[in-house]
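S.K.:
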Amino acid sequence: MSHADLENTLRSLPQVGTRLDKRDDRGPQIWRFEHDGKPFRLHFYPRRIGSNPALRELQRFQQLQKAGVRSQRAISAMVGFRLGEERGDALLLESVEPSISLEQLLIDSEVNASPIPHRKRLLNQLIEISQQLAKAGLGHDRLEIENFVVHADNLYLVEASGVRRGGLRMKQLLRLASSASRFATRSDYVRAAMALGAPAPKSNRSADNQRRWRRELGRIFADNEDFGTLESDGWTGVFTRRTSHPLRWASASRRVIQRSDWESAWPELLAQVRSGQLSTIKNDASGTVTRAQVRLGDAMCNVIVKSPKRKFWRQAIAEFFRGSRARRTWIRTWKSLVRGVPTEWPMLFMERRASGGAIESILVFQQIPGETLATIDLDRLDSAARENLFRRAGRSLRQIEELGFTHADAKSTNWVVFHDPVHGPRPILIDLDGVRHYRWSMMGIDRLLRAMRQHPQYTPTDSKNLCQGYAPNARLAREQLEK
Numbered sequence: 000m001s002h003a004d005l006e007n008t009l010r011s012l013p014q015v016g017t018r019l020d021k022r023d024d025r026g027p028q029i030w031r032f033e034h035d036g037k038p039f040r041l042h043f044y045p046r047r048i049g050s051n052p053a054l055r056e057l058q059r060f061q062q063l064q065k066a067g068v069r070s071q072r073a074i075s076a077m078v079g080f081r082l083g084e085e086r087g088d089a090l091l092l093e094s095v096e097p098s099i100s101l102e103q104l105l106i107d108s109e110v111n112a113s114p115i116p117h118r119k120r121l122l123n124q125l126i127e128i129s130q131q132l133a134k135a136g137l138g139h140d141r142l143e144i145e146n147f148v149v150h151a152d153n154l155y156l157v158e159a160s161g162v163r164r165g166g167l168r169m170k171q172l173l174r175l176a177s178s179a180s181r182f183a184t185r186s187d188y189v190r191a192a193m194a195l196g197a198p199a200p201k202s203n204r205s206a207d208n209q210r211r212w213r214r215e216l217g218r219i220f221a222d223n224e225d226f227g228t229l230e231s232d233g234w235t236g237v238f239t240r241r242t243s244h245p246l247r248w249a250s251a252s253r254r255v256i257q258r259s260d261w262e263s264a265w266p267e268l269l270a271q272v273r274s275g276q277l278s279t280i281k282n283d284a285s286g287t288v289t290r291a292q293v294r295l296g297d298a299m300c301n302v303i304v305k306s307p308k309r310k311f312w313r314q315a316i317a318e319f320f321r322g323s324r325a326r327r328t329w330i331r332t333w334k335s336l337v338r339g340v341p342t343e344w345p346m347l348f349m350e351r352r353a354s355g356g357a358i359e360s361i362l363v364f365q366q367i368p369g370e371t372l373a374t375i376d377l378d379r380l381d382s383a384a385r386e387n388l389f390r391r392a393g394r395s396l397r398q399i400e401e402l403g404f405t406h407a408d409a410k411s412t413n414w415v416v417f418h419d420p421v422h423g424p425r426p427i428l429i430d431l432d433g434v435r436h437y438r439w440s441m442m443g444i445d446r447l448l449r450a451m452r453q454h455p456q457y458t459p460t461d462s463k464n465l466c467q468g469y470a471p472n473a474r475l476a477r478e479q480l481e482k
């Protein structure tokens, strides 16, 4: 490699290189470029007061290499590096290519309903890297699956800024477990715990999970890479732009939606709501639910439009302090989604305010194809699919309570059955207004059991499967059904 040629390439990096997107503003700018047919990465730190972060990262990559951890090879740190009009420090590294982020690999497998390739091998390599760090007396404060890449079925650690001396700590292992909680099974946790001599996590409500959930919820009303703000004729709100965790039952979660898409779609949708042109699903004292179609970009999307109403005058006073019901439902839906509870996909929240309070609000969700639990033809399902359907509904209610919540309105009309072509029927919650951030055991399952008794095809076997999904280790008792 000619140093003069490399210097020329680095000088023209904004023209010949590609800046890689990141999900947050932490850490350096990351650039990818090629020189002499080889891929490289450059971590650029704009000039700040304090020590040299590029040199510090170089030293930490060297520590990883001495410990035998597979990682990017750091070449050199450059002080006073100029990138365009900005001056700072930079670290040059050899890029591991072709590769895919471990997190993206797991997400693709989940969305495509395909087995995780080389699952056991990847798990063993995660354990091996953790053991190598511990043996070398190193810890890592950013030990997360997003900081690993897979190349030729091997795992590489590509983040060194979190490397610390003092050994691997339990909270760092729990951070790794937390980042993988959506994809890992109980068996994966047990294998890792036995290999590392650490206790397996007993609950999904670890302190690191709580911090991660709070961090993600702090973004749902801001203008960032995942959400965007919207204003139109006195209405203000927020829309979902994109997500790194798409859902199989929501095609909109796999798209990137721009502000311009909603700027053109919202006025037309609002006019249809006010003129009563939409197909009505429900219209009572608590609110109106309608179906609609909106064009977002070059695609049409079937959506559900919810317009909450106030039953009592005192609700207007309470909402002045608590926020509108639509705002609270938006928050509850995202509280559930970031914790992995299967719910409908929220696309847009808008409200019109006056005198400091909301006087009108609208929520837009993507429509889930399927019937509700109250109307589904249960006899059409084979026995295995029918059993899985009710066990999954019970498991979702158990998951909600294990997370410290209660669903006070888990009736059968608040579930839609999504017929997954690979995994079979799956119950999805479509109304999170009844979710409360306290735990009141068995309220949700009791409400669903009472509602399902009104279904003409509901049997004691269905009731047993529903209860076993909710409490798999409980003692069985026969329920008396009242038709």
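Reading the sequence shown from the start, the letters are residues 0 to 482 in numbering that gives the first Met the number 0. Think of the CB as a built atom: it goes at the ideal place given N, C-alpha and C, for glycine as much as any other residue. Note that the structure is predicted; figures quoted are calculated from it, not measured.
#1: What did DSSP end up calling Leu396 once you bin it into helix, strand or coil?
#2: Put Phe182 into one of helix, strand or coil per three-state DSSP.
#3: I want to check one thing, is the minimum distance from the CB of Leu447 to the heavy atoms of the ligand SAM below 7 Å?
#4: Whole angstroms are fine: how far does the CA of Arg211 sit from the CA of Glu343?
#5: Hey, how far is the Cα of Ser75 from the Cα of Leu132?
#6: Going by DSSP in three states, Lys482 sits in which element: helix, strand or coil?
#7: Taking the Cβ atom as the reference point for each residue, do Glu102 and Ile128 lie within a distance shorter than 8 Å?
#8: For the alpha helix (DSSP H) that Thr328 lies in, which residues bound it at each end?
#9: In three-state terms, what does DSSP make of Met451?
#10: In three-state DSSP terms, what is His2?
#11: Kindly indicate which residue of Ser113, Leu92 and Met169 has the alpha-carbon position closest to the one of Leu195.
#12: Give the single residue among Gly87, Gln71, Leu82 and Asp283 whose Cα lies nearest to the Cα of Asn51.
#13: Taking only the alpha-carbon atoms, compute the straight-line gap between Gly16 and Gln28 and give it to the nearest angstrom.
#14: Which parts of the region 82-114 are runs of the alpha helix (DSSP H), unbroken and 4 residues or longer, counting only runs that do not cross its ends?
#15: Work out the CA separation of Phe320 and Arg327 for me, nearest whole Å.
#16: What are the complete beta strand (DSSP E) segments, minimum 3 residues, inside the region 339-423?
#17: Compute the Euclidean distance between the alpha carbons of Arg385 and Pro97, then round it to the nearest angstrom.
#18: Could you round the C-beta distance between Ser108 and Ile115 to whole angstroms and report it? I think they count as a contact, below 8 Å.
#19: Can you list, in chain order, the residues of its chain whose CB lies under 8 Å from that of Gly433, leaving out five sequence neighbours each side?
#20: Output the distance between the C-alpha atoms of Leu277 and Thr289, rounded to the nearest integer angstrom.
#21: Hey, Phe417 and Ile427 are a contact pair by Cβ (cut 8 Å); roughly how many whole angstroms apart?
#22: Reducing DSSP to helix, strand and coil, say where Thr460 ends up.
#23: Please say whether Thr235 and Glu350 have beta carbons closer to each other than 8 Å?
#24: Examine the Cβ distances between the region 390-402 and the region 215-226 and report whether three or more of them are shorter than 8 Å.
#25: Rounded to whole angstroms, how far is the Cβ of Arg324 from the Cβ of Pro307, which I believe are closer than 8 Å?
#26: Buried or exposed for Ile48, going by 16 or more other Cβ atoms inside 10 Å?
#27: Can you grab the Cα-Cα spacing for the pair Ala112 / Glu158, in whole Å?
#28: What is the DSSP secondary structure of Ile74, counted as helix, strand or coil?
#29: Once DSSP output is grouped into helix, strand and coil, what is the label at Leu63?
#30: Who are Trp234's beta bridge partners in DSSP?
#31: Check this for me: beta carbons of Gly468 and Arg391, under 8 Å apart or not?
#32: Where does the unbroken beta strand (DSSP E) through Leu154 begin, and where does it stop?
#33: Can you tell me where the alpha helix (DSSP H) holding Ile126 begins and where it ends?
M.R.: Put simply:
#1: Within the sequence shown, residue 396 is the residue found at index 397, counting from 1. Three-state result, Leu396: helix.
#2: The residue labelled residue 182 in the question sits at position 183 within the sequence shown. In the structure shown, Phe182 sits in coil (DSSP, three-state: anything other than H, G, I, E or B).
#3: Inclusion of the ligand SAM in the displayed structure is not the case, the ligand content being empty and no account of it being possible.
#4: Locating residue 343 in the sequence shown gives position 344, where the first residue counts as 1. Locating residue 211 in the sequence shown gives position 212, where the first residue counts as 1. One C-alpha to the other measures close to 21 Å.
#5: Residue numbering aside, residue 75 sits at position 76 when the sequence shown is read from its first letter. Residue numbering aside, residue 132 sits at position 133 when the sequence shown is read from its first letter. C-alpha separation (whole angstroms): 23 Å.
#6: If you number the sequence shown from 1, residue 482 lands on position 483. In this prediction, Lys482 has a pLDDT of 48, which is less than 50 and means its spatial position is unreliable; nothing more can be read from the coordinates.
#7: As a first step, residue 102 must be located in the sequence shown, where it is residue number 103. As a first step, residue 128 must be located in the sequence shown, where it is residue number 129. No, these two residues do not count as a Cβ contact at 8 Å.
#8: Along the sequence shown, one-based indexing puts residue 328 at 329. Following the DSSP letters along the chain, one finds Thr328 inside the alpha helix (DSSP H) bounded by residues Arg324 to Val337.
#9: Sequence index remark: in the sequence shown, residue 451 carries index 452 (1-based). In the structure shown, Met451 sits in a helix (DSSP, three-state: H, G or I).
#10: Residue mapping note: residue 2 aligns to position 3 of the sequence shown, counting from 1. In the structure shown, His2 sits in a helix (DSSP, three-state: H, G or I).
#11: Here the question's residue 195 lines up with position 196 in the sequence shown. Minimum Cα distance to Leu195 is reached at Met169.
#12: For the purposes of this step, residue 51 is taken as residue 52 along the sequence shown, with counting starting at 1. Among Gly87, Gln71, Leu82 and Asp283, the Cα nearest to that of Asn51 belongs to Gly87.
#13: Sequence index remark: in the sequence shown, residue 16 carries index 17 (1-based). Sequence index remark: in the sequence shown, residue 28 carries index 29 (1-based). So the two alpha carbons sit approximately 12 Å from each other.
#14: Listed in chain order, the complete alpha helix (DSSP H) runs (minimum 4 residues) inside the region 82-114 are 101-110.
#15: Position 328 of the sequence shown holds residue 327. Position 321 of the sequence shown holds residue 320. Roughly 12 Å separates the two Cα atoms.
#16: 345-353, 356-365 and 414-419
#17: In the sequence shown, the residue the question calls residue 385 occupies position 386. In the sequence shown, the residue the question calls residue 97 occupies position 98. Distance between the alpha carbons of Arg385 and Pro97: 43 Å.
#18: Counting from one through the sequence shown, the residue named residue 108 turns up at place 109. Counting from one through the sequence shown, the residue named residue 115 turns up at place 116. Ser108 to Ile115, Cβ: 5 Å. Contact.
#19: Start at 1 with the first residue of the sequence shown, and residue 433 comes out as number 434. Within the same chain, Gly433 has close Cβ partners His406, Ala407, Asp408, Ala409 and Asn413.
#20: The sequence position of residue 277 within the sequence shown is 278, counting from 1. The sequence position of residue 289 within the sequence shown is 290, counting from 1. Cα-Cα distance, rounded: 6 Å.
#21: Along the sequence shown, read from residue 1 onward, the residue named residue 417 stands at position 418. Along the sequence shown, read from residue 1 onward, the residue named residue 427 stands at position 428. Contact flag correct, Cβ pair sits at about 5 Å.
#22: Locating residue 460 in the sequence shown gives position 461, counting from the first residue. Assignment of Thr460 by DSSP, reduced to helix, strand and coil, places it in the helix class.
#23: Locating residue 350 in the sequence shown gives position 351, where the first residue counts as 1. Locating residue 235 in the sequence shown gives position 236, where the first residue counts as 1. A contact, by the Cβ cut-off of 8 Å.
#24: no
#25: The residue you call residue 324 lines up with position 325 of the sequence shown. The residue you call residue 307 lines up with position 308 of the sequence shown. Beta-carbon to beta-carbon, Arg324 and Pro307 are separated by about 4 Å, close enough to satisfy the 8 Å threshold.
#26: Start at 1 with the first residue of the sequence shown, and residue 48 comes out as number 49. It counts as exposed.
#27: Looking up residue 112 in the sequence shown gives position 113. Looking up residue 158 in the sequence shown gives position 159. Going from the Cα of Ala112 to the Cα of Glu158 covers about 29 Å.
#28: Within the sequence shown, the letter at position 75 stands for residue 74. Note: Ile74 maps to strand in three-state DSSP.
#29: Start at 1 with the first residue of the sequence shown, and residue 63 comes out as number 64. Three-state result, Leu63: helix.
#30: To locate residue 234, count along the sequence shown from 1; it is residue 235. Trp234 is bridged to Ser231 and Arg351.
#31: Translated into the one-based positions of the sequence shown, residue 468 becomes position 469. Translated into the one-based positions of the sequence shown, residue 391 becomes position 392. Yes. Within cutoff.
#32: Numbered from its first residue, the sequence shown carries residue 154 at position 155. Element bounds for Leu154: Asn153 to Leu156.
#33: The residue labelled residue 126 in the question sits at position 127 within the sequence shown. Arg118 to Lys134 is the extent of the alpha helix (DSSP H) around Ile126.
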